[in-house]
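J.: Chains X and R, in that order, give the protein sequences. Per the UniProt record's numbering, the first sequence starts with residue 1, numbered consecutively. Per the UniProt record's numbering, the second sequence starts with residue 1, numbered consecutively.
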Amino acid sequence: MIRFEQVDIAYDGKLAVPNLSITIEDGEFFTLLGPSGCGKSTILRCLAGFVPVIKGRILLAGRDISRLEAEKRGVGIVFQNYALFPHLTVAENVAFGLRASGTSKAEVAGQVADMLERTGISEHANKRPAELSGGQQQRVAIARSLIMGPRIMLMDEPLSNLDVKLRVSMRNEIKRLQRQLGFTTIYVTHDQEEALSLSDRIAVLNKGEVEQIGTPEAIYNRPETEFVCHFIGEANRLTPAMLGEIRADGGDGPAFVRPEYMSIDDGAPNTYRITATVADTVFLGNLIRYRMQAVDGHFDLIRSGAAEKLTVGSQHVVCFPHHALLRPAGRA
Amino acid sequence: MSSTLCVGKIARLIALLAIGWMVIAFLFYPVVYVLLDAFFPNGQFSAGAIERLTGSPRVTRSIWSTILVAIVTVVTVNVVGLFQVAVLEFFKVRLAPLLLLAFSTPLVFSSVAAVSGYNFVYSSHGFLTKVLLTIFPDMNPNWFTGAFAVIFVHTFTMTGYHILFVRAGLRQIDFSIVEAAQSLGVSPARAFLKIVLPMLAPVLLATSLLVLLGALNSFAAPSMLGGRDFYMLSSMIQSLVSLGRTDMAALLSLLLGAISLMVFLWMKRIERRGRAISTSKSQSPLRKTEIRNRPMNLAVHVIAYLLFLIYMAPILITVAFSFATTESIVQDPFPTRFTLQHYMTVFSDPRAFGPLGNSLVLSCLAVSAALAVSLFAALRIRASKGIVSDSLEFSLFIPWVLPSIMLAVGLIAAYGKPSMLIFGASLVGTYWLLPIAYVIVIIPMMVRMLGAALAGIDPNIDDAGRSLGASGMYRFTRLTAPLLAPVIALVAAISFNELLSEYTLSVFLYNINNTPLGVALQNAARADGPDQIAISMVYVVLLLTFSLIVILASSRLSSGRAGRT
Ligand SMILES: Nc1ncnc2c1ncn2[C@@H]1O[C@H](COP(=O)(O)OP(=O)(O)O)[C@@H](O)[C@H]1O
Ligand SMILES: [Mg+2]
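(1) Just to confirm the assignment, what range does the beta strand (DSSP E) spanning residue 293/X have?
(2) Is residue 49/X near ligand 1, with its Cβ less than 6 Å from a heavy atom?
(3) Taking its Cβ as the centre, do 16 or more other Cβ atoms sit within 10 Å of residue 28/R, making it buried, or is it exposed?
(4) Is it the case that the Cβ atoms of residue 307/X and residue 293/X are separated by a distance below 7 Å?
(5) Rounded to the nearest angstrom, how far is the Cβ of residue 80/X from that of residue 194/X, given a contact under 8 Å?
(6) My output table needs one value for residue 38/X: the three-state DSSP class, helix, strand or coil.
(7) Quick one: is residue 319/X buried, meaning 16 or more other Cβ sit within 10 Å of its Cβ, or exposed?
(8) Work out the CA separation of residue 78/X and residue 102/R for me, nearest whole Å.
(9) Please tell me whether, using a cut-off of 6 Å, the distance from the CB of residue 39/X to the nearest non-hydrogen atom of ligand 1 is below it.
(10) Rounded to the nearest angstrom, what separates residue 267/X and residue 329/X at their Cα positions?
(11) Relative to the C-alpha of residue 383/R, which candidate in 339/R, 499/R, 459/R has its C-alpha closest?
(12) Using a C-beta to C-beta distance shorter than 8 Å, which residues of chain R count as neighbours of residue 190/X?
(13) Rounded to the nearest angstrom, what separates residue 36/X and residue 205/X at their Cα positions?
(14) With contact counted as at least three CB pairs below 8 Å, one residue from each stretch, are the segment 293 to 302 of chain R and the segment 523 to 530 of chain R in contact?
(15) So residue 195/R contacts chain X; which residues on that side make the cut at Cβ distance below 9 Å?
(16) Can the beta-carbon of residue 175/X be found closer than 7 Å to that of residue 198/X?
(17) Taking residue 148/X as the reference, give the member of 112/X, 84/X, 290/X with the closest Cα.
(18) Give the residues of chain R in contact with residue 77/X, contact being defined as C-beta atoms less than 8 Å apart.
(19) Who are the near neighbours of residue 261/X in its chain, counting only those whose CB is closer than 6 Å to its CB and skipping five residues on each side?
(20) In this structure, what does DSSP give as the bridge partners for residue 303/X?
(21) For my contact list, residue 165/R and residue 105/R are in at a C-beta cut-off of 8 Å; report their separation, rounded to the angstrom.
(22) Give the straight-line distance between the Cα atoms of residue 94/R and residue 319/R, rounded to the nearest whole angstrom.
(23) For residue 321/X, which three-state DSSP category applies?
(24) Distance cutoff 7 Å, beta carbons only. Does residue 334/X sit that close to anything in chain R?
(25) Quick check on this structure: which residue in 12/X, 116/X, 287/X has the alpha carbon closest to the alpha carbon of residue 91/X?
(26) Applying a beta-carbon distance threshold of less than 9 Å, which residues of chain X neighbour residue 186/R?
(27) Measure from the C-beta of residue 96/R to each C-beta in chain X and report whether the shortest distance is under 7 Å.
(28) I'd like the span of the alpha helix (DSSP H) that includes residue 105/X, first residue to last.
(29) Could you confirm whether any beta carbon from chain X is found closer than 7 Å to the beta carbon of residue 30/R?
(30) Would you decide whether residue 135/X is buried or exposed? Buried here means 16 or more other CB atoms lie within 10 Å of its CB.
(31) Can we count residue 16/X as close to ligand 1, meaning its CB is less than 6 Å from some heavy atom?
(32) Helix, strand or coil for residue 523/R? Go by DSSP, reduced to three states.
(33) How about residue 141/R and residue 116/R: are their beta carbons less than 7 Å apart?
(34) Following the continuous alpha helix (DSSP H) through residue 214/X, name the residue where it begins and the one where it ends.
(35) Taking 7 Å as the threshold (beta carbon to beta carbon), is residue 141/R in contact with chain X?
(36) Given that residue 148/X touches chain R, what residues does it touch there, using C-beta distances under 9 Å?
Dropping the structure here:
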């Protein structure tokens, strides 16, 4: 179990992450998600021991590691740029940690071969990093860390340097290794799709502070703050006139509806209704996005490309189920 | 119109012929003459010089000494240089900016000026010896001499390449590589040894070869500090020349030339192989790490400050004592009584001003002539490719590889008697031998820098001028020259600075009418008179000041140019 207890992290006296408290369970795939510059890397690097804790403490299996040197934490890390040792071959890169800790050459050789096999880079064992593709370098970086048998793996946007196709297959690869070997993973990304598809739990961060922690479903379906609501998926903010029209009860905070929950009224029960005019359409292939103009604002409606098309200027009653109305409480 | 065109063509042809003559007479012929002198002393092949050389234990010893000193120098310079780079860029060491200042001094303090400076600290009448003598009255005041002294001075005057190149290489390393090593259980200090150093291997090798080249050809240090019994190739060649054995000197300088050429070619090969070491796309900048082991941290600090003292002492002592009264120079370990007398003497007493004046005049002459040749050559090389340009480029770069000593010995051997090539004149013993040699050795640097600057000028500018009907000369004076002016000024200043403190050619080729600063400093190092010492301290301070101005101006200029593009 990893516990951040009211941790402050600062660079040269400037607070980057204030008062962070998170608990991560063993074996969990935990993701830090947030826009660029929100402090994700900072938190990860603090846990790895590269950035000092100013205040509070970090507990690893009950032990305070806040002041422990990075090289003694036993935490594996995969860097965004992989940070492979450019002058060593793939096998030497993977063997580096074990050799440095004094494991015998013969023993290391066996373990390296096994790890290269597991990560699917055996055939490149004698190449240097510069001769490998991005995806292969990525595997080397993972193998190099995994061979040390860490209980915790940290990954800082490990897929961001790969092209889209490779990103999806590496995503599955990482998940497979994590299931197989059972290490706790803390994963940093600014890509919500990546976060939603990989994680057991997600912490959404904004400007150094945690907005919400929860399962992907909870984050998506029950966003607790306006920021989360906007940052994950899309959300239409309901205007006062729309709210008046639906006569929903429950507070007077902001209310949102995701566009894919909206549909043309077919008389279904337990729905809210808003009347609006089609202002514009955007063809997206499998989907069509309609920009709807209501009395005092507009919202988006997404319909399947197979459904009947709505013409610009036509008026419709749009409805959505009661449970689709999101009312994030805002930050306490 | 057509007649001016014709005149221009003829003028260019004459200039080209003049350069061709210069290259043949003062570069090829002397080098060929060295070969002839070594193997065909009387028009017939003779291995006599070889036999005499191998038969002389002093000569063979000097060969081995040179090799040994060069190798030891490479090792010590690397140890000291790497330590400096590490405390400047990798480890947290207090007062690092001061260390940087001290460790950068070899960039402005080298050759004869530096050797003189070290002499002012360690020689029999030097500062440290004076202090030590008060503690150990029985010690040998001439302790700073021989191989040890030469290696010592080499070590602390040749780390400049580390500060320039190795430091730059280290700064380019992606720090996340160190962090990756840490996450694998390796401390930053060990990561420095196991990861960072191997990554620096290419630049370290290149730097080591530069140091090797410098040490092999080192002349000021062995000739001024070698003492009676210690000779390197350079000082042995000088000794042979002064004994009139130019055939043996020629052979030895040939050996030195061959070794230097091999090192040079090796270096070029490494350069060509390039160094694509980093695969990282985004780099995190190097961060300094604290040395956590207390005793280790203390030791590193102590050594760093000790090095600071070693580097600063010659400069501080020289500057301080250049303002001290003659009595103070003789009696005090630290100057107590101050005066501007020595500076006034240097600028008013003709005897004291002599070497400085000579060096100023010689350097001015040489820089002007070399600049004219280099400008013409650089423009010609850029204007048209072809056999003429290629051979011009090749010829003018030769002195870059050729040891100065070999050129000097060649000139002495070739022009000791009247020669047809220079219209029946002989040069040895005349004023002109030295400035001619100066011209030859500074041309490669000038052609290179001017060529680079010309390559940076948009060719469309010249074409635009042409389309407006401007003639070649007009385009040059109105378009190219103004754009080139800052570089010309810089090149002139750098060359001038180099020639002011030039040592090797000076010692071989000077005569009484043009004794330059380098020779005067050498003589002062052997003399004991306090006045002589004071004067040479002033010389060193002036050289140092000028170097400093030039290097600051050049870094201002290059950063200014970088800013504009
Ligand atoms: N080495 C550093 N020195 C000073 N400030 C930094 C440093 N690294 C990051 N920061 C600052 O800390 C904040 C968080 O950065 P980071 O953790 O890298 O964000 P993320 O990884 O979420 O994009 C940013 O405002 C950034 O400018
Ligand atoms: Mg980041």
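Glycine included, C-beta positions come from ideal geometry on N, C-alpha and C. Predicted model only: the values in this text are computed from it and were never measured.
T.: In brief:
(1) The count along the first sequence starts at 1 and reaches residue 293/X at position 293. Taken as a continuous stretch (DSSP letters only), the beta strand (DSSP E) holding residue 293/X covers 287 to 294.
(2) For the purposes of this step, residue 49/X is taken as the residue at position 49 of the first sequence. No, since every heavy atom of ligand 1 falls outside the 6 Å radius drawn around the Cβ of residue 49/X.
(3) Along the second sequence, one-based indexing puts residue 28/R at 28. Per the 10 Å Cβ criterion, exposed.
(4) Your numbering for residue 307/X matches position 307 in the first sequence. Your numbering for residue 293/X matches position 293 in the first sequence. Residue 307/X places its beta carbon 7 Å or farther from that of residue 293/X.
(5) Position 80 of the first sequence holds residue 80/X. Position 194 of the first sequence holds residue 194/X. About 13 Å separates the two Cβ atoms, so there is no contact after all.
(6) Locating residue 38/X in the first sequence gives position 38, counting from the first residue. Coil at residue 38/X, not helix or strand.
(7) Sequence index remark: in the first sequence, residue 319/X carries index 319 (1-based). Burial is judged here by how many other beta carbons sit within 10 angstroms of a residue's own beta carbon; residue 319/X has at least 16 and is buried.
(8) Taking the first residue of the second sequence as 1, we reach residue 102/R at position 102. Taking the first residue of the first sequence as 1, we reach residue 78/X at position 78. Looking at the two C-alpha atoms, the distance is approximately 40 Å.
(9) Start at 1 with the first residue of the first sequence, and residue 39/X comes out as number 39. Yes; taking the cut-off as 6 Å, the Cβ of residue 39/X has a heavy atom of ligand 1 nearer than that.
(10) The residue labelled residue 267/X in the question sits at position 267 within the first sequence. The residue labelled residue 329/X in the question sits at position 329 within the first sequence. Distance between the alpha carbons of residue 267/X and residue 329/X is about 30 Å.
(11) The sequence position of residue 383/R within the second sequence is 383, counting from 1. Ranking the options by Cα distance to residue 383/R, first place goes to 459/R.
(12) To locate residue 190/X, count along the first sequence from 1; it is residue 190. Neighbours of residue 190/X on chain R: none; closest Cβ ~14 Å, over 8 Å.
(13) Here the question's residue 36/X lines up with position 36 in the first sequence. Here the question's residue 205/X lines up with position 205 in the first sequence. Looking at the two C-alpha atoms, the distance is approximately 10 Å.
(14) no
(15) Taking the first residue of the second sequence as 1, we reach residue 195/R at position 195. In chain order: 85, 87, 88, 96.
(16) Taking the first sequence and counting its residues from 1, one reaches residue 175/X at position 175. Taking the first sequence and counting its residues from 1, one reaches residue 198/X at position 198. It is a contact, given that the beta carbons lie within the stated cut-off.
(17) Numbered from its first residue, the first sequence carries residue 148/X at position 148. Among 112/X, 84/X, 290/X, the Cα nearest to that of residue 148/X belongs to 112/X.
(18) Your numbering for residue 77/X matches position 77 in the first sequence. Under the 8 Å cutoff, chain R gives 179, 180, 183.
(19) Counting from one through the first sequence, the residue named residue 261/X turns up at place 261. Excluding positions up to five away in sequence, the list reads 320, 324.
(20) To locate residue 303/X, count along the first sequence from 1; it is residue 303. According to DSSP, residue 303/X bridges with 288/X.
(21) The count along the second sequence starts at 1 and reaches residue 165/R at position 165. The count along the second sequence starts at 1 and reaches residue 105/R at position 105. Residue 165/R to residue 105/R, Cβ: 17 Å. No contact.
(22) The sequence position of residue 94/R within the second sequence is 94, counting from 1. The sequence position of residue 319/R within the second sequence is 319, counting from 1. Their backbone Cα atoms lie some 26 Å apart in a straight line.
(23) By 1-based counting over the first sequence, the position of residue 321/X is 321. It is a strand residue.
(24) Missing from the structure shown is residue 334/X; chain X here goes from 1 to 332 and no further.
(25) Numbered from its first residue, the first sequence carries residue 91/X at position 91. For residue 91/X, the nearest C-alpha among the options comes from 116/X.
(26) In the second sequence, the residue the question calls residue 186/R occupies position 186. Correct list: 71, 96, 97, 100, 101.
(27) Position 96 of the second sequence holds residue 96/R. False, the Cβ-Cβ gap to chain X never drops below 7 Å.
(28) If you number the first sequence from 1, residue 105/X lands on position 105. That run of the alpha helix (DSSP H) goes 105 to 118.
(29) Your numbering for residue 30/R matches position 30 in the second sequence. Chain X has no Cβ within less than 7 Å of the Cβ of residue 30/R.
(30) On the first sequence, residue 135/X is found 135 positions in, with the first residue counted as 1. Classification of residue 135/X: buried, given that the 10 Å Cβ count is 16 or more.
(31) Here residue 16/X corresponds to residue number 16 of the first sequence, with the count starting at 1. Within the cutoff, so yes.
(32) Counting from 1 along the second sequence, the entry for residue 523/R is found at position 523. Residue 523/R: helix per DSSP, three-state reduction.
(33) On the second sequence, position 141 is the one that residue 141/R refers to. On the second sequence, position 116 is the one that residue 116/R refers to. Not a contact, by the Cβ cut-off of 7 Å.
(34) Along the first sequence, read from residue 1 onward, the residue named residue 214/X stands at position 214. Residue 214/X -> not in any alpha helix (DSSP H); beta strand (DSSP E) instead, spanning 209 to 214.
(35) Along the second sequence, one-based indexing puts residue 141/R at 141. Taking Cβ atoms only, chain X never reaches closer than 7 Å to residue 141/R, which makes this a no.
(36) Taking the first sequence and counting its residues from 1, the one referred to as residue 148/X is at position 148. Near residue 148/X (Cβ distances below 9 Å), the residues of chain R are 183, 184, 185.
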